[in-house]
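Residues in the sequence shown are numbered consecutively from 1, following the numbering used here. We put the beta carbon where it would ideally sit given N, CA and C, even for glycine. Heads up: the structure comes next, in structure tokens.
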Amino acid sequence: MKIKGLLKTLAVCLIICLFVTGCTPFDEDPESLLVAPELSGEMHPVWSALDKKIDGKYQLKFPTAGETKSAITLVDLDNDGLKEGVAFYSTTDNNTVTMHIALIAFVDGKWSVTAQESIVAGGVEQVYFTDMDGDKVKEIIVGWNVYGSTSKTVSLYEYSGKTLITLMEEPFSTFMLCDLDRNLSQDILILYMDMTTSRAFARYFGVTSEGVRELGNCEIDGNITSYGIASISKLPSDEFCVYVDCVKGGGMVTAVILFKGGKLVCPFYDSALMENTVTYRSAMVPSRDYDGDSFIEIPVMVELPLDEKVSTSAAYLTVWSGFDGNALIPRYYTLMNYSDGYSVKLNEKLAKNITALRNLELRERIICEYDYENEKLGDELFRIRVVSRSTFDTGIYNDDYILLSKNDALVWLASVKDTAKKYSVTEKNINEMFELITEE
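Laid out in structure tokens, this is it:
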């Protein structure tokens, strides 16, 4: 008995040490979990039914994205007014991790596991519950992490009362639910990178009473190394399209996908080059609703001419462009300085007649006229400088610069020349052109 008591004490101390150091005994070794943590409240009888059904060790799994973040979710799948429990857990056998989805229904006065499906995978990424075929029964869409972030499978399940029917299992890099073909039902758009061929595809699936049907597919840039979150936006033409910012090389590209003329298309993909060069930019600048009008703008970065006497690296003009269903339309012109945390908005005339010289040592951008036809640098128009707060407080910049913004550490200043007036840039409106870049 003394030995058992000592072992219990050591076990408690070990668990306390793990939590104090920021670790848990469940994160690193799933096999060390003897039983899942007991759930309380209304979830207790649901969890208890699952716990009794499982024979052996298991670990509850929590989705990282999607409609639910819970390992067990209560949802009315069959529209009968009663909720079912949908649970996710994993088991391990000979170092092979298997993921399970279980349906727990309230039958004959008690909760019971009525259906289960399994897949060899390490975790669950995202889960959605939605009626995709109009039969008033919600399908279950699950994105499984099969092997890290490189191998993933999206599964579509139909609940028939006592069974789970697997309607679809497809590999994916990212996916989303959307209605691109405007048939008033949710469909599944999958983006997938085939690592064996280095080619990437978008595939669009719908669900009918006859099962899953592929509504369209198209090839997308195969040079992408990772996909961001897909977002859907309405176009001025009343169509809908999907935007996905993707990492490509040392920069970023935005894949645009829409359903047009009965086909899924990626308008900026060049089949001859087998890539998208139209929306590529050399910096990690995501697309966003730049002006708050509910339409997404894509940043197109244009390298500006440089003067090697001032800088050996070029600055960029960022053209925030909207997609009208056919082509990119320039809407706003900016000089974005991410290292110093600010942007300068330019009118179209100014944007098409200047270059920006980077003086990294002085943390200064010098905006000058530039004759593109003759490739000739012209007069300075204005400059933006960033200095430390302590340096600014000495007063040495009072005569030559005007204050744009400041915080506890830094001060942003501008010097505007008389030559800038012909482009409608003055000391008065330079503040309106200037904006600090904030994280969104």
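Between which two residues does the beta strand (DSSP E) holding residue i run?
| i | result |
| --- | --- |
| Met-326 | Met is not the amino acid found at residue 326; the sequence shown has Asn there. Neither: Asn-326 is in no beta strand (DSSP E) and is coded neither H nor E. |
| Thr-174 | 174–178 |
| Leu-50 | No beta strand (DSSP E) holds Leu-50; the alpha helix (DSSP H) holding it covers 44–53. |
| Val-113 | 110–120 |
| Leu-156 | 151–159 |
| Asp-93 | 84–93 |
| Val-302 | 297–303 |
| Glu-139 | 139–147 |
| Ser-405 | 402–406 |
| Glu-219 | 211–220 |
| Gly-206 | 199–208 |
| Ala-102 | 96–107 |
| Phe-62 | Run containing Phe-62: none; DSSP gives neither H nor E here. |
| Gly-341 | Unbroken run through Gly-341: none, as it is neither H nor E. |
| Leu-357 | 354–359 |
Residue i: which of the options sits nearest, CA to CA?
| i | options | result |
| --- | --- | --- |
| Ala-102 | Leu-377, Gln-186 and Lys-53 | Lys-53 |
| Phe-434 | Arg-383, Asp-293 and Tyr-128 | Arg-383 |
| Ser-294 | Gly-251, Lys-352, Met-301 and Ser-231 | Ser-231 |
| Leu-258 | Phe-88, Leu-180, Ala-356 and Met-168 | Leu-180 |
| Leu-167 | Gln-186, Val-212 and Gly-143 | Val-212 |
| Arg-365 | Asp-340, Phe-175 and Gly-378 | Asp-340 |
| Glu-239 | Asn-217, Gly-262 and Glu-219 | Gly-262 |
| Phe-205 | Ser-198, Thr-196, Asn-217 and Thr-197 | Asn-217 |
| Glu-308 | Cys-266, Leu-377 and Met-336 | Leu-377 |
Once you ignore the five residues that flank residue i on each side, which residues in its own chain have a CB closer than 8 Å to its CB?
| i | result |
| --- | --- |
| Asn-429 | none |
| Ile-224 | Met-193, Ala-200, Cys-246, Val-247, Lys-248, Val-253 and Ala-255 |
| Glu-31 | Confidence at Glu-31 is low in this model, with a pLDDT of 34, below 50, so the placement of that residue should be treated as unreliable; the coordinate-derived value is given next. Correct list, in chain order: Lys-57 and Thr-92. |
| Lys-110 | Pro-45 and Ala-49 |
| Asp-187 | Met-132, Leu-177, Cys-178, Asp-179, Leu-180, Asp-181, Tyr-204, Phe-205, Gly-206, Val-207 and Leu-215 |
Strictly by DSSP, which residues pair up with residue i?
| i | result |
| --- | --- |
| Arg-385 | Glu-364 and Leu-413 |
| Tyr-227 | Cys-246 |
| Tyr-333 | Val-319 and Leu-346 |
| Leu-258 | Cys-241 and Val-265 |
| Lys-234 | Phe-240 |
| Gly-123 | Asn-145 |
Ends of the alpha helix (DSSP H) at residue i?
| i | result |
| --- | --- |
| Ile-430 | 430–433 |
Beta-carbon within less than 6 Å of residue i's beta-carbon, same chain only, minus the 5 sequence neighbours each way: which residues are those?
| i | result |
| --- | --- |
| Asp-289 | Ile-296 |
| Ser-112 | Ala-49 |
| Arg-78 | Reading off the sequence shown, one finds Asp at residue 78, where the question assumed Arg. Closer than 6 Å at Cβ, skipping near neighbours: Val-137. |
| Cys-178 | Leu-189 and Ile-232 |
| Thr-98 | Thr-91, Ser-118 and Val-120 |
| Glu-432 | none |
Using a Cβ-Cβ cut-off of 7 Å (strictly less than) and excluding sequence neighbours within five positions of residue i, which residues of its own chain qualify?
| i | result |
| --- | --- |
| Leu-235 | Cys-241, Phe-323, Asp-324 and Gly-325 |
| Trp-320 | Tyr-290, Glu-297, Pro-299, Arg-331, Tyr-332 and Thr-334 |
| Ser-155 | Ile-119, Val-142, Trp-144, Thr-166, Met-168 and Glu-169 |
| Ala-65 | Glu-125 and Gln-126 |
| Leu-304 | Ala-314, Ala-315, Tyr-316, Leu-317, Thr-355 and Ala-356 |
| Asp-27 | Low per-residue confidence applies at Asp-27: pLDDT is 34, beneath 50, and the placement is therefore not dependable enough to give any value. |
| Lys-349 | Tyr-423 |
I believe residue i touches residue j by the beta-carbon criterion, under 8 Å. Please report the beta-carbon distance rounded to the nearest angstrom.
| i | j | result |
| --- | --- | --- |
| Gly-123 | Asn-95 | Incorrect: roughly 16 Å between the Cβ atoms, too far for contact. |
| Glu-84 | Ala-71 | About 15 Å; that fails the 8 Å criterion. |
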